[in-house]
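S.K.: Numbering (the working numbering), first residue to last: 12 to 287.
Structure provided below as structure tokens; questions to follow.
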């Protein structure tokens with residue numbers, strides 16, 4: 012990853028690309044805005060296999076749109092990156108004011124963690140877990156480049172502590188999975204811990220919010236966590252990918268059985284809040 016060894020600004024977009032980025036970021040988050048944005052961003056990405064250095068969430072980020080869909084989207088259309096979900100998290104964090112605990116499971120390049128850090132609320136504790144060493148280096152670069160207080164760990168989360176096989180999707184590394192094979196993609200062994208073990212290791216009694224985007228492993232992680240965690244350690248808010256077709260059991264029902272209410276759901280995600 013030679014691009015991770017170069018100074019920020021080395022991959023600044025040229026004047027044309029910068030103009031397109033500026034235009035697409037003004038588009039409304041509706042059908043028309045998305046269609047036009049997806050068309051215009053081809054002028055920025057094209058067949059380019061180099062990263063782009065740009066400002067997102069008020070942070071100086073290096074993003075790689077050629078093999079990771081979420082990075083590709085936020086270069087030109089950050090306003091369309093899970094706006095409802097980010098609003099819920101920001102509202103919860105600002106309501107608490109300080110000491111907000113956030114765990115990002117399946118962090119990818121850490122867009123959720125980076126967004127939460129950008130709020131700059133006092134004593135926010137952010138834990139970001141990403142299994143892919145390649146993607147983790149991108150996350151690490153952006154944390155260090157912005158001097159952010161994010162505890163990032165290169166490992167998977169599962170139902171045991173040890174090692175586990177990670178299936179790599181080279182066309183979209185955001186779809187790497189410890190559950191589902193990725194065609195002829197590479198398989199690598201990575202360290203793994205349970206959610207409860209991660210919390211214990213990081214001295215976090217309770218999370219205010221947890222985001223899970225684990226490409227099918229949400230079932231494994233939550234089933235184990237709910238079986239072993241006392242109620243006092245349940246997160247106050249759960250943001251989980253809306254992908255029931257990847258699970259063998261009804262995880263939504265399991266979440267509700269633990270005392271959660273559905274706060275909202277859209278095509279991509281669901282948010283649950285713990286009953287008081």
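Glycine included, C-beta positions come from ideal geometry on N, C-alpha and C.
From a predicted model like this one, the values you see are computed outputs, not experimental measurements.
#1: Could you pull out every residue in the same chain whose Cβ sits closer than 8 Å to the Cβ of residue 286, ignoring the five residues on either side in sequence?
#2: Would you mind working out which of 256, 243, 52 and 230 sits nearest residue 266, comparing C-alpha positions?
#3: Suppose you measure from the CA of residue 212 to the CA of residue 206; what does that come to, to the nearest Å?
#4: Check whether the Cβ atoms of residue 222 and residue 115 sit closer than 7 Å, and answer yes or no.
#5: Using only the alpha-carbon positions, how far apart do residue 118 and residue 27 sit?
#6: In chain order, what are the residue ranges of uninterrupted beta strand (DSSP E) at least 3 long that sit wholly in the stretch 66-120?
#7: Could you check if residue 207 belongs to the surroundings of the ligand PLP, using beta carbon to heavy atom distance under 6 Å?
#8: Using the beta-carbon count (16 or more within 10 Å), is residue 275 buried or exposed?
#9: State the Cα-Cα distance for the pair residue 248 and residue 123, rounded to the nearest angstrom.
#10: Between the alpha carbons of residue 228 and residue 142, how many angstroms are there, rounded?
#11: For residue 75, count neighbouring Cβ atoms within 10 angstroms of its own Cβ and tell me buried if that reaches 16, exposed if not.
#12: With H, G and I counted as helix, E and B as strand and the rest as coil, what does DSSP make of residue 165?
#13: Output the boundary residues of the beta strand (DSSP E) element that contains residue 138.
#14: Hey, residue 282 and residue 233 are a contact pair by Cβ (cut 8 Å); roughly how many whole angstroms apart?
#15: Quick one: measure Cβ to Cβ for residue 32 and residue 39, integer angstroms, because I've assumed they're closer than 8 Å.
#16: Could you tell me whether the stretch 90-98 touches the stretch 49-63, where touching means 3 or more Cβ pairs closer than 8 Å?
#17: Among residues of its own chain, excluding the 5 on either side of residue 64, which ones have a beta-carbon nearer than 6 Å to its beta-carbon?
#18: Enumerate in chain order the residues of its own chain whose CB-to-CB distance from residue 284 is below 6 Å, with the five nearest sequence positions on each side excluded.
#19: Are the Cβ atoms of residue 113 and residue 238 separated by less than 7 Å?
#20: Quick one: is residue 255 buried, meaning 16 or more other Cβ sit within 10 Å of its Cβ, or exposed?
#21: Take the Cβ of residue 169 as the centre, count every other Cβ of all protein chains shown within 10 Å, and call the residue buried at 16 or more, exposed below.
#22: If you draw a straight line from the C-alpha of residue 236 to the C-alpha of residue 37, how long is it?
#23: Identify whether residue 158 lies in helix, strand or coil by the three-state DSSP scheme.
#24: From residue 277 to residue 252, what distance separates their C-alpha atoms?
#25: Of the choices 263, 259, 226 and 210, whose alpha-carbon is the least far from that of residue 240?
#26: Note down the Cα distance separating residue 77 from residue 279, rounded to an integer number of angstroms.
#27: Which whole-angstrom value is the C-beta distance of residue 70 and residue 129, which I expect to be below 8 Å?
#28: Of the residues 83, 44, 132 and 86, which one's Cα is nearest the Cα of residue 102?
M.R.: Here's the rundown:
#1: The residue you call residue 286 lines up with position 275 of the chain shown. Cβ within range, chain order: 270, 271 and 272.
#2: Here residue 266 refers to the residue found at position 255 of the chain shown. Of the candidates 256, 243, 52 and 230, the one whose C-alpha sits nearest the C-alpha of residue 266 is 230.
#3: By 1-based counting over the chain shown, the position of residue 212 is 201. By 1-based counting over the chain shown, the position of residue 206 is 195. For residue 212 and residue 206, the distance between alpha carbons rounds to 10 Å.
#4: On the chain shown, residue 222 is found 211 positions in, with the first residue counted as 1. On the chain shown, residue 115 is found 104 positions in, with the first residue counted as 1. Taking 7 Å as the Cβ cut-off, residue 222 and residue 115 qualify as a contacting pair.
#5: The count along the chain shown starts at 1 and reaches residue 118 at position 107. The count along the chain shown starts at 1 and reaches residue 27 at position 16. For residue 118 and residue 27, the distance between alpha carbons rounds to 31 Å.
#6: Here the runs fully enclosed are 70-74 and 112-116.
#7: Looking at this structure, you won't find the ligand PLP or any other ligand, since it has none at all.
#8: Within the chain shown, numbered from 1, the residue matching residue 275 stands at position 264. Looking at its Cβ environment, which holds fewer than 16 other Cβ atoms inside 10 Å, residue 275 is exposed.
#9: As a working note, residue 248 is residue 237 in the chain shown. As a working note, residue 123 is residue 112 in the chain shown. Cα to Cα, the separation comes out at about 14 Å.
#10: The sequence position of residue 228 within the chain shown is 217, counting from 1. The sequence position of residue 142 within the chain shown is 131, counting from 1. About 12 Å.
#11: Residue 75 sits at position 64 when you count from the first residue of the chain shown. So residue 75 counts as buried.
#12: Looking up residue 165 in the chain shown gives position 154. Residue 165 falls in the strand class under three-state DSSP.
#13: Against the chain shown, residue 138 aligns to sequence position 127. Here the beta strand (DSSP E) through residue 138 covers 136-141.
#14: In the chain shown, residue 282 corresponds to position 271, counting from 1. In the chain shown, residue 233 corresponds to position 222, counting from 1. Not a contact, Cβ separation roughly 14 Å.
#15: Your numbering for residue 32 matches position 21 in the chain shown. Your numbering for residue 39 matches position 28 in the chain shown. About 16 Å separates the two Cβ atoms, so there is no contact after all.
#16: no
#17: Taking the chain shown and counting its residues from 1, one reaches residue 64 at position 53. The residues are 19, 20, 22, 23 and 73.
#18: Here residue 284 refers to the residue found at position 273 when the chain shown is read from its first residue. Only 248, 272 and 274 meet the Cβ criterion.
#19: Counting from one through the chain shown, the residue named residue 113 turns up at place 102. Counting from one through the chain shown, the residue named residue 238 turns up at place 227. Cβ atoms of residue 113 and residue 238: not closer than 7 Å.
#20: Counting from one through the chain shown, the residue named residue 255 turns up at place 244. Residue 255 should be labelled exposed.
#21: If you number the chain shown from 1, residue 169 lands on position 158. Counting Cβ neighbours within 10 Å, residue 169 comes out buried, since at least 16 surround it.
#22: Numbered from its first residue, the chain shown carries residue 236 at position 225. Numbered from its first residue, the chain shown carries residue 37 at position 26. In a straight line, the C-alpha of residue 236 is about 41 Å away from that of residue 37.
#23: By 1-based counting over the chain shown, the position of residue 158 is 147. Three-state result, residue 158: coil.
#24: Locating residue 277 in the chain shown gives position 266, counting from the first residue. Locating residue 252 in the chain shown gives position 241, counting from the first residue. Roughly 10 Å separates the two Cα atoms.
#25: Along the chain shown, read from residue 1 onward, the residue named residue 240 stands at position 229. Closest option to residue 240, Cα to Cα, is 210.
#26: Residue 77 sits at position 66 when you count from the first residue of the chain shown. Residue 279 sits at position 268 when you count from the first residue of the chain shown. For residue 77 and residue 279, the distance between alpha carbons rounds to 22 Å.
#27: Looking up residue 70 in the chain shown gives position 59. Looking up residue 129 in the chain shown gives position 118. About 6 Å separates the two Cβ atoms, so the contact holds.
#28: As a position in the chain shown, residue 102 is number 91, starting the count at 1. The option with the nearest alpha carbon to residue 102 is 132.
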